[in-house]
Amino acid sequence: MTRKLYYDVVIAGCGVAGLYTALSLPHDRKILMLSKEDLASCDSMLAQGGICVLRDENDFDAYFEDTMRAGHYENRVESVEIMIHASRDIITHLLALGVRFEKNEDGSLAYTREGAHSKPRICFHKDITGEEITTTLLSHVQKLDNVTILEYTAMTDIIEENDTCVGIKAVSKDGKQLEIYAPDTVMATGGIGGLYRHSTNFSLLTGDACRIAKEHHVALEHMDYVQIHPTCLYSTKPGRSFLISESARGEGAVILNHKGERFVDELLPRDVVTEAILKEMEKEGAAHEFLSFEHVPETIVRAHFPNIYSRCLEEGYDLLKEPIPIVPAQHYFMGGVHVDRDSQTTMAHLYAVGETSCNGVHGKNRLASNSLLESLVFAKRAAEKIMKERTDYESNYNAACC
Ligand SMILES: Cc1cc2nc3c(=O)[nH]c(=O)nc-3n(C[C@H](O)[C@H](O)[C@H](O)COP(=O)(O)OP(=O)(O)OC[C@H]3O[C@@H](n4cnc5c(N)ncnc54)[C@H](O)[C@@H]3O)c2cc1C
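Taking my numbering, the leading residue of the sequence shown gets 289, the next gets one more, and so forth.
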């Protein structure tokens with residue numbers, strides 16, 4: 289038997305995009321959130337490097353150009369401008385919520401650098417920035433009386449009536465069917481890495497929102513724009529590929545071939561570095577190349593990359609003493625469900641936010657540390673648009689009644 293539920297807003301996905309949408313909606317709206325598995329199993333928890341911010345107005349042109357150049361100038365200019373302009377407020381809000389970004393001795397934010405950034409502008413918390421942001425957002429959402437979270441409950445379809453989305457269908461772990469009716473639906477189901485054999489993503493992320501959108505003739509965009517991350521720890525074991533953050537290269541780690549020679553500028557955009565590594569692997573007939581931390585001071589390795597250091601040790605490599613084997617793996621999806629500047633899809637009352645959406649910010653190739661920011665900026669815009677439409681509807685309704 290199908291159980292019917294009624295809410296003001298239903299959000300599929302509990303990564304940063306879904307959580308920030310819920311937090312940005314007024315607290316008198318009844319919200320239901322779904323998570324396909326447990327709450328920790330989302331890519332937001334895995335983000336290592338950090339989150340970009342506009343350092344000051346003088347940085348705008350450089351940040352804009354870095355994002356556009358990395359994206360091969362296929363980015364939607366309006367989206368890039370919106371994201372950069374909103375970045376400072378987002379970081380200020382995260383700090384107010386309790387996110388512990390690294391600071392300098394004078395209390396100002398410390399910035400790190402990643403590939404294709406012309407200057408350091410990335411806020412970070414050790415090498416577990418995503419976990420720090422996501423657990424902070426989650427703790428705030430879990431305190432809200434108006435939000436209910438159902439774990440192990442997967443969206444299987446949307447409910448469409450007269451070309452309008454009126455909710456979603458879902459299934460729980462024990463096979464119970466749900467129909468969740470809501471005036472507004474937000475799809476925040478993350479990336480597509482689960483469809484690949486080698487990916488840094490959780491395997492449960494299988495592009496469900498994209499499949500459902502396609503079945504309902506909701507527009508998709510750039511479904512072939514998939515980012516391969518150049519430096520994942522090489523392993524013959526099955527399972528998720530472990531990422532070695534680009535900020536390691538930003539702090540001086542270098543890529544070497546089997547002769548111990550550098551063959552690429554490590555700070556070029558990801559797609560360029562990936563291509564160079566794959567070519568070198570082919571040339572050498574090798575299954576991997578190497579990343580050496582010999583030029584990164586031990587104090588920085590221990591303070592900034594403790595998680596990477598201990599994970600490599602578990603795999604049998606002491607990166608303070610030897611280069612580690614690395615190989616490219618699927619990492620990020622620039623395409624997705626087409627959305628406008630307010631994260632609205634081509635179907636009325638259906639929104640998409642985070643990695644599953646395509647607002648064009650990243651163009652053909654994402655600039656490092658732009659995706660957490662993009663997810664938060666456009667999640668907030670979705671919440672604001674939902675509320676504006678609701679308020680307009682309610683005032684029109686009241687005017688018609690009186
Ligand atoms: C290893 C790694 C390192 C990264 N490092 C960085 C970084 O340093 N900086 C940066 O900006 N970005 C980084 N990224 C990218 C960034 O983490 C993601 O793009 C971002 O977190 C995506 O957030 P999201 O909310 O869209 O998706 P996710 O956080 O992946 O959340 C998806 C949610 O959707 C749910 N879901 C999926 N399908 C369904 C369904 N059918 N029904 C219900 N729920 C569903 C999942 O359970 C989950 O709760 C990294 C990614 C990885 C994998």
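Backbone N, C-alpha and C fix where the C-beta goes; we use that ideal spot for every residue, glycine too.
Other residues of its chain near HIS504: CB distance less than 7 Å, five sequence neighbours each side excluded: ILE446, GLU448 and MET635
Cβ-Cβ separation, ALA404 to LEU555 (assumed contact under 8 Å), whole Å: 7 Å
C-alpha distance - ILE480 paired with VAL589, whole-angstrom precision: The C-alpha of ILE480 lies about 31 Å from the C-alpha of VAL589.
CA-to-CA distance, ILE674 to THR436, given in whole angstroms: The alpha-carbon atoms of THR436 and ILE674 are separated by roughly 18 Å.
Own chain, CB closer than 6 Å to ALA667, minus 5 neighbours either side, in chain order: The residues ALA305, TYR308, THR309 and VAL641, in chain order, have a CB closer than 6 Å to that of ALA667 in the same chain once the five nearest residues on each side in sequence are set aside.
Nearest candidate by alpha-carbon position, reference GLU534, set LEU342, VAL506, ILE410 and CYS498: Closest in alpha carbon position to GLU534, among LEU342, VAL506, ILE410 and CYS498, is ILE410.
Top-ranked residue by Cα proximity to GLU345, from ALA374, ILE339, SER580 and LYS567: ALA374
Three CB pairs or more closer than 8 Å across the segment 513–521 and the segment 610–620: The answer is yes - the segment 610–620 touches the segment 513–521, with three or more Cβ pairs under 8 Å.
Proximity test, GLY463 beta-carbon vs ligand 2 heavy atom, cut-off 8 Å: In terms of ligand content, the structure shown lacks ligand 2 and carries ligand 1 instead.
SER648 Cβ short of 8 Å to ligand 1 heavy atom set: Strictly speaking, residue 648 in this sequence is Gly, with Ser absent from that position. Result no, Cβ not under 8 Å from ligand 1.
Whole-angstrom distance between LYS461 and THR710, CA atom to CA atom: Lying outside 289 to 690, the shown extent of the chain, residue 710 is not represented and no answer is given.
Segment limits, beta strand (DSSP E) that includes LYS292: 290–294
Contact test: ILE370 Cβ vs ligand 1 heavy atom, cutoff 8 Å: In terms of side-chain proximity, the C-beta atom of ILE370 is found no nearer than 8 Å to any non-hydrogen atom of ligand 1.
Residue range of the unbroken alpha helix (DSSP H) whose run includes SER487: Here SER487 belongs to no alpha helix (DSSP H), and DSSP marks it neither H nor E.
Rounded Cβ spacing between ALA507 and PHE593 (contact assumed at less than 8 Å): With 8 Å as the limit, ALA507 and PHE593 do not qualify as a contact, their Cβ atoms being about 40 Å apart.
Assigned secondary structure, SER659 (DSSP; H/G/I helix, E/B strand, else coil): helix
Collapsed DSSP secondary structure at TYR399 in the structure displayed: DSSP places TYR399 in coil when its eight states are reduced to three.
Option in GLU662, GLY463 and GLY338 with minimal Cα separation from ALA476: GLU662
Segment contact flag, the segment 315–328 with the segment 643–650, C-beta cutoff 8 Å, min 3 pairs: no
Beta-carbon proximity check, HIS510 vs MET356, cutoff 9 Å: no
Near ligand 1: ALA656 beta-carbon under 8 Å from a heavy atom: yes
Per-residue DSSP class, three states only, for GLN498: Here residue 498 turns out to be Cys, not Gln, going by the sequence shown. Helix.
MET333 Cβ short of 8 Å to ligand 1 heavy atom set: yes
Anticipated Cβ contact below 8 Å, LEU342 with ILE468, distance rounded: Actually they are not in contact, since the Cβ atoms of LEU342 and ILE468 sit about 38 Å apart, beyond 8 Å.
ILE421 and VAL387 closer than 9 Å at C-beta: yes
Of the residues GLU563, SER580 and GLY540, the one placed nearest PRO547, counting alpha carbons only: Per the sequence shown, residue 547 should be read as Lys rather than Pro. Ranking GLU563, SER580 and GLY540 by Cα distance to LYS547 puts SER580 first.
Beta-carbon contacts of PHE348 that lie in its chain and below 7 Å, excluding the five residues immediately before and after: Only LEU342 and ILE372 meet the Cβ criterion.
DSSP three-state assignment for PRO594, whether helix, strand or coil: helix
DSSP-derived helix/strand/coil call for PHE412: coil
Neighbour-count burial assignment, ALA656, 16 or more Cβ in a 10 Å radius: buried
Beta-carbon spacing of PHE551, ALA541 below 9 Å: no
Cβ-Cβ distance between ASN595 and GLN336 below 9 Å: Yes, the Cβ-Cβ distance between ASN595 and GLN336 is below 9 Å.
Distance CB(ARG558)-CB(ALA688) smaller than 9 Å: No.
Beta-ladder partner(s) of THR473, from DSSP: VAL298 and LEU638
Beta-carbon proximity list for ASP606, same chain, < 8 Å, skipping 5 on both sides: CYS600
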